[in-house]
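Structure first, then comments.
There are 4 protein chains.
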Amino acid sequence: MDYQKILQSIQRDIEPLKSEGQQADYIPALAAVNPDQWGICINTLDNKQYTLGDSAVPFSLQSITKVFALAMALSLEGDNLWTRMGKEPSGTAFNSLIQLELEKGKPRNPFINSGALVMADVLVERLPNPEAAFIGLARDLSGCPSIDYNFEVARSEHSVAYLNTAIANLLKYHGNIHGDIDRVLRFYFMMCSIEMNCQQLAHAFLAFADHRKPFDHAGFQLTSSQVKRMNAIMQTCGFYDEAGEFSYLVGLPGKSGVGGGIAAVFPGQYSVAVWSPRLNAKGNSVMGMKSLELLTTHSRQSIF
Amino acid sequence: MDYQKILQSIQRDIEPLKSEGQQADYIPALAAVNPDQWGICINTLDNKQYTLGDSAVPFSLQSITKVFALAMALSLEGDNLWTRMGKEPSGTAFNSLIQLELEKGKPRNPFINSGALVMADVLVERLPNPEAAFIGLARDLSGCPSIDYNFEVARSEHSVAYLNTAIANLLKYHGNIHGDIDRVLRFYFMMCSIEMNCQQLAHAFLAFADHRKPFDHAGFQLTSSQVKRMNAIMQTCGFYDEAGEFSYLVGLPGKSGVGGGIAAVFPGQYSVAVWSPRLNAKGNSVMGMKSLELLTTHSRQSIF
Amino acid sequence: MDYQKILQSIQRDIEPLKSEGQQADYIPALAAVNPDQWGICINTLDNKQYTLGDSAVPFSLQSITKVFALAMALSLEGDNLWTRMGKEPSGTAFNSLIQLELEKGKPRNPFINSGALVMADVLVERLPNPEAAFIGLARDLSGCPSIDYNFEVARSEHSVAYLNTAIANLLKYHGNIHGDIDRVLRFYFMMCSIEMNCQQLAHAFLAFADHRKPFDHAGFQLTSSQVKRMNAIMQTCGFYDEAGEFSYLVGLPGKSGVGGGIAAVFPGQYSVAVWSPRLNAKGNSVMGMKSLELLTTHSRQSIF
Amino acid sequence: MDYQKILQSIQRDIEPLKSEGQQADYIPALAAVNPDQWGICINTLDNKQYTLGDSAVPFSLQSITKVFALAMALSLEGDNLWTRMGKEPSGTAFNSLIQLELEKGKPRNPFINSGALVMADVLVERLPNPEAAFIGLARDLSGCPSIDYNFEVARSEHSVAYLNTAIANLLKYHGNIHGDIDRVLRFYFMMCSIEMNCQQLAHAFLAFADHRKPFDHAGFQLTSSQVKRMNAIMQTCGFYDEAGEFSYLVGLPGKSGVGGGIAAVFPGQYSVAVWSPRLNAKGNSVMGMKSLELLTTHSRQSIF
């Protein structure tokens with residue numbers, strides 16, 4: 004498969020979309036990003052990288068880091084994790100309080116904000132230094148020891164985090180946050196603030212595409228079956244209330260972030276990261292989604 | 004892969020679950036089924052069948068037929084179909100009116116009742132004899148010309164169909180049923196009433212597992228890409244509000260029915276049908292789901 | 004109190020509103036009404052009538068008849084009626100299915116459509132000829148034996164009654180309609196179709212303003228306490244999701260209808276009927292509501 | 004009217020209910036109250052007091068103070084207040100986030116928690132020392148300069164206020180809290196913590212029963228029409244999702260608190276305060292509600 008050629012045809016085909024959508028602007032650091040960027044990187048299981056565009060420009064991973072959080076939480080808790088959250092698609096926006104109230108503080112899945120806050124609580128409770136452990140995992144997965152938090156972004160998000168604070172308090176009310184709310188929120192926004200470029204992110208997701216040996220990174224272990232099941236959750240819950248659309252158009256498990264990044268995996272073949280800041284109304288990168296749709300269409304390969 | 008041996012180990016492993024769950028009993032015909040049955044059949048792409056248990060006993064397909072309806076509706080309407088319904092998981096029970104009212108009569112996906120009623124309306128509107136066309140497709144897919152509707156089941160369901168009648172009227176109110184409500188409901192229940200055994204059902208789903216050539220059955224055509232996308236919808240929406248759980252445990256696209264059947268596909272490899280009448284609280288076959296979980300676990304093969 | 008003078012000042016003050024709002028047009032008979040009409044009639048307990056404007060023009064009572072239905076149902080069932088519905092404000096639109104589904108088929112109160120359908124079911128079940136009994140009560144209350152159903156309106160509403168049919172089916176699903184759905188709907192629309200003019204309607208509501216002796220009309224009896232409690236329900240539930248607004252601005256128990264009529268009572272003093280076809284976004288008569296606000300403001304009399 | 008005799012018959016008639024219900028126990032100070040208490044006080048417009056039972060025992064007013072907050076907010080803002088909240092019954096529990104999210108941060112009415120938090124924000128914004136002004140009004144209305152906050156109760160409630168903190172953050176997210184969230188919450192819980200006994204509370208509510216002259220207390224003015232409209236809001240919204248029930252059984256405008264108190268008014272006649280700590284499932288005092296039902300039944304006087 005000539006992935007480089009496919010990437011070139013993708014670049015050509017997405018050209019008409021280059022002004023569609025709006026970048027996230029709820030904090031200054033995200034609003035300041037040049038929206039006219041697009042980068043992509045495919046990392047095959049035999050460790051070849053195919054890149055195009057702004058694939059070396061770092062961006063804010065935001066919700067993509069929820070996948071790393073799930074890997075850690077699942078490694079620490081095993082299936083006990085599911086006593087505190089579900090693994091069903093939410094059918095509503097990622098930050099809705101309605102479902103959480105109706106379901107008495109049990110988040111629908113780990114990839115909506117409420118679920119990720121519960122995971123943050125798990126990590127704060129179980130780890131002596133969750134920030135160190137988390138960045139350690141991100142560095143190990145990406146193969147890049149210079150990966151780091153963006154403290155300015157974390158602080159900035161925390162300062163306007165009214166909705167997430169509402170969610171965290173509702174969780175606490177239902178007993179589904181054990182620790183201090185502010186501590187949990189602080190760690191949550193630290194996780195979100197990690198920056199990588201497409202090359203680093205594609206490398207980091209290789210661990211979820213490769214089932215030849217168990218996951219064993221920075222001290223966190225998962226069986227191949229657990230990793231496959233993480234992919235299943237990405238497939239059904241990775242794109243907010245657009246999971247069905249992504250599954251339909253792309254046909255790969257993946258996770259998006261409001262920074263404009265998307266990471267996805269074709270199990271047994273490759274991982275892929277794409278980034279472009281302009282988002283559609285559901286909060287997913289316009290050119291990112293289209294790039295991945297074209298990737299599976301041109302390569303005629305998807306999990307279906 | 005020695006599928007026969009895997010089926011035997013499945014049969015052994017599900018033994019402890021044999022009294023769990025309750026069969027559907029909202030109509031006499033379903034209540035009268037002996038609940039202590041279990042059958043399974045794998046049909047590989049090279050057309051070998053592996054069977055065990057009550058795989059030759061016919062049962063009521065019920066919602067599994069929504070997959071055939073989608074094949075027909077997509078063949079007739081193409082992507083226009085999505086102007087009348089979404090392709091997102093619903094996050095709520097299959098027969099909920101709440102989401103339908105909030106979203107102004109646009110069903111979340113084709114596999115909840117409201118979506119299937121809209122598909123029934125499409126077929127009634129587009130086909131001179133929808134009943135004949137539908138059973139023609141079911142016969143062609145199953146390779147079995149004796150497949151038929153169960154008129155008694157259809158009539159019986161229609162007579163107590165208060166909730167589906169409520170849904171159909173709400174759809175009509177929002178202009179999303181064009182034809183006569185009673186006509187649409189009658190056809191809807193006819194579709195649900197079709198009976199197959201596991202061997203026939205596995206054969207029928209081969210068409211969704213095989214992407215080597217386009218879908219072309221009983222006059223209805225779909226591209227391979229369209230069939231793959233149907234699989235994507237099965238993956239995210241095929242199990243009511245348990246789609247995430249099925250995806251997590253089994254890792255195959257599939258569709259369940261309240262008669263206790265489940266059909267699933269491993270694209271490029273096989274289709275599988277399993278049947279056992281006792282249902283869990285979400286309306287999915289207890290032993291059916293467990294059988295498929297064991298199948299992908301023992302074979303170490305899933306789409307993830 | 005010089006009510007005639009107050010009516011004249013009301014007529015002057017509402018002039019600027021005369022083109023505001025839209026009349027109901029979901030059936031031809033309502034769409035055909037000349038919207039530029041306004042009539043009012045006050046009927047005091049000592050049986051003096053004060054009228055102005057188009058107070059002798061008959062109009063479709065629509066939901067105002069739910070008050071008569073409640074009088075009959077309460078007379079027949081007593082407090083048993085409240086096992087089948089509540090008496091709380093709904094907080095949502097009059098025809099919402101959401102609350103009814105969440106609360107498992109128990110309507111919030113007798114004045115939303117679902118509650119009125121349950122009352123219709125009660126009357127159909129308890130009375131040999133509900134249509135005859137109902138019109139008998141309407142004639143007795145209005146003191147006018149020529150009052151009648153408008154069969155054309157009833158048939159016309161029934162033919163497009165998708166939402167009410169959805170509600171009736173949902174009620175039946177939850178066991179809260181005992182009789183035949185179509186029979187109940189037919190009677191429901193017959194009730195709604197009754198026509199009166201403001202003079203007749205004000206007279207009919209005298210029975211709810213007068214607590215000096217028990218209610219005893221056309222064979223239906225209620226204690227004074229029961230009549231007062233009906234007023235309480237009108238106060239909290241009589242104006243769909245605008246009950247609070249009406250209570251705030253007017254301060255009288257009352258009931259509105261989509262035909263543009265409003266009937267209200269000042270217990271111990273008078274009843275009042277006002278009519279003007281143009282409705283606000285909540286389905287209540289614009290000039291009707293304003294007229295009653297001005298009535299209690301100018302007379303400095305309300306229940307508060 | 005021999006109110007003393009009526010109070011005695013009430014005391015006799017409520018005896019069988021004395022063990023029904025559960026007192027609030029979410030903070031130690033409320034859990035420590037002896038639940039076997041009951042007191043009542045009627046204060047007529049000619050300033051006679053009729054008392055019985057534990058009418059001199061102070062208790063925590065809790066949500067009853069929302070009436071004082073509304074008087075102050077309405078005095079400061081006039082009808083501008085309604086741009087930030089509605090005046091419709093909520094149809095849901097007093098602390099629900101669902102409606103608030105669906106209605107984009109605009110509380111249904113001033114007497115649910117979200118509405119009271121917005122009023123607290125108004126008072127914090129408009130007054131240099133809201134705590135001093137508020138207790139000043141409470142002292143003036145009750146005619147008792149020793150009335151005070153219970154600082155321990157306020158601090159204790161604030162420390163477990165997860166749900167109210169969630170609500171406040173959701174309001175802030177929608178721009179409907181202008182000030183600092185913690186400052187607003189602190190004032191909110193101070194208001195709730197005020198203690199009075201039934202005699203003081205009945206006296207304080209006289210101001211809402213008496214329309215002979217405008218409201219003018221501690222520097223806050225309201226017209227008689229505004230006071231009547233406050234009564235209308237108490238009538239439709241004063242008892243959480245039991246407003247209809249209270250209106251039906253009692254027929255007076257009033258407001259309850261989770262401390263077991265209820266204050267109500269019969270406009271032009273009297274105010275009444277009753278207190279008993281055991282609450283029904285909706286959070287209203289069991290013996291308190293029954294006492295008021297018996298009061299209007301025995302006196303044959305209600306607003307209806």
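Sequence order for the protein chains is A, B, C and D.
Take 4 as the starting number for the first sequence in my numbering and just add one per residue.
Take 4 as the starting number for the second sequence in my numbering and just add one per residue.
Take 4 as the starting number for the third sequence in my numbering and just add one per residue.
Take 4 as the starting number for the fourth sequence in my numbering and just add one per residue.
Glycine included, every Cβ here is placed at the ideal spot set by N, Cα and C.
Could you pull the DSSP bridge partners for residue i from this structure?
i: Glu-198(D); result: Ser-63(D), Asp-151(D)
i: Asn-283(B); result: Asn-283(B) is not bridged to any residue.
i: Cys-240(A); result: Note: Cys-240(A) sits in no beta bridge, so no partner.
i: Ala-276(A); result: Cys-44(A), Ala-266(A)
i: Ser-145(A); result: Partner(s): none; Ser-145(A) has no beta bridge.
i: Tyr-53(C); result: Ile-45(C)
i: Phe-223(A); result: His-220(A)
i: Gln-229(D); result: DSSP, once it has assigned bridges, lists no residue as partnering Gln-229(D).
i: Gln-25(A); result: Leu-282(A)
What does a CB cutoff of less than 7 Å around residue i pick up in its chain, not counting 5 residues either side in sequence?
i: Leu-20(D); result: Val-289, Met-290, Lys-293
i: Phe-223(C); result: Ala-74, Met-75, Ser-78, Leu-140
i: Ala-119(D); result: Lys-69, Ala-72, Pro-113, Tyr-191
i: Lys-285(C); result: Tyr-243, Asp-244, Glu-245
i: Glu-128(B); result: His-181, Gly-182
Is the Cβ-Cβ distance between residue i and residue j less than 9 Å?
i: Ile-268(D); j: Trp-41(D); result: The sequence given here has Val at residue 268(D), not Ile. Against a cut-off of 9 Å, the Cβ pair of Trp-41(D) and Val-268(D) comes out as no contact.
i: Phe-114(C); j: Ile-30(C); result: no
i: Gly-260(D); j: Leu-126(D); result: no
i: Glu-91(A); j: Thr-239(A); result: yes
i: Phe-154(D); j: Ser-117(D); result: no
i: Phe-62(A); j: Gly-264(A); result: yes
i: Ala-27(D); j: Leu-298(D); result: no
i: Gln-202(B); j: Cys-44(B); result: yes
i: Leu-33(B); j: Gly-262(B); result: yes
i: Glu-104(A); j: Ser-99(D); result: yes
i: Thr-95(A); j: Thr-168(D); result: no
i: Val-187(A); j: Ala-123(A); result: yes
i: Val-230(B); j: Phe-249(B); result: no
i: Lys-216(C); j: Ser-228(C); result: no
i: His-301(A); j: Ile-9(A); result: yes
i: Pro-270(B); j: Ile-306(A); result: yes
i: Ile-313(A); j: Met-199(A); result: Any answer about residue 313(A) is impossible in this case: the structure gives chain A only from 4 up to 307.
What are the start and end residues of the beta strand (DSSP E) that includes residue i?
i: Asp-5(D); result: Unbroken run through Asp-5(D): none, as it is neither H nor E.
Take residue i and list the residues in its own chain whose beta-carbon comes closer than 6 Å to its own, dropping the five residues that flank it on each side.
i: Ser-274(C); result: Asn-46, Ala-205, Phe-208, Leu-209, Ala-212, Val-268
i: Tyr-1(B); result: Residue 1(B) lies beyond the range of chain B shown here (4 to 307); nothing can be said about it.
Ordered along the chain, which non-local residues of its own chain (more than five positions away) have a Cβ less than 8 Å from that of residue i?
i: Lys-157(D); result: Note that residue 157(D) is Ala in the sequence shown here, rather than Lys. Cβ within range, chain order: Arg-189, Phe-192, Met-193, Cys-195, Ser-196.
Which residue comes first and which comes last in the alpha helix (DSSP H) that contains residue i?
i: Lys-69(B); result: 68-80
i: Gly-316(D); result: Since the displayed chain D opens at 4 and closes at 307, residue 316(D) lies outside it and no answer follows.
i: Val-289(B); result: 289-302
i: Pro-31(A); result: 31-34
i: Asp-124(A); result: 116-129
i: Leu-174(A); result: 165-176
For a contact meaning CB atoms closer than 7 Å, what does residue i contact in chain G?
i: Tyr-152(A); result: Looking at the structure shown, chain G is missing, and the protein chains on hand are A, B, C and D.
Is there contact here, the region 61-81 of chain A with the region 56-69 of chain D, by at least three beta-carbon pairs under 8 Å? Contact fails: fewer than three Cβ-Cβ distances are below 8 Å.
Check whether the region 129-137 of chain D and the region 253-264 of chain D touch, using three or more Cβ-Cβ pairs below 8 Å as the test. No, they do not touch.
The region 171-181 of chain A in contact with the region 210-217 of chain A per 3-pair CB rule at 8 Å: Output reads no: the region 210-217 of chain A does not touch the region 171-181 of chain A.
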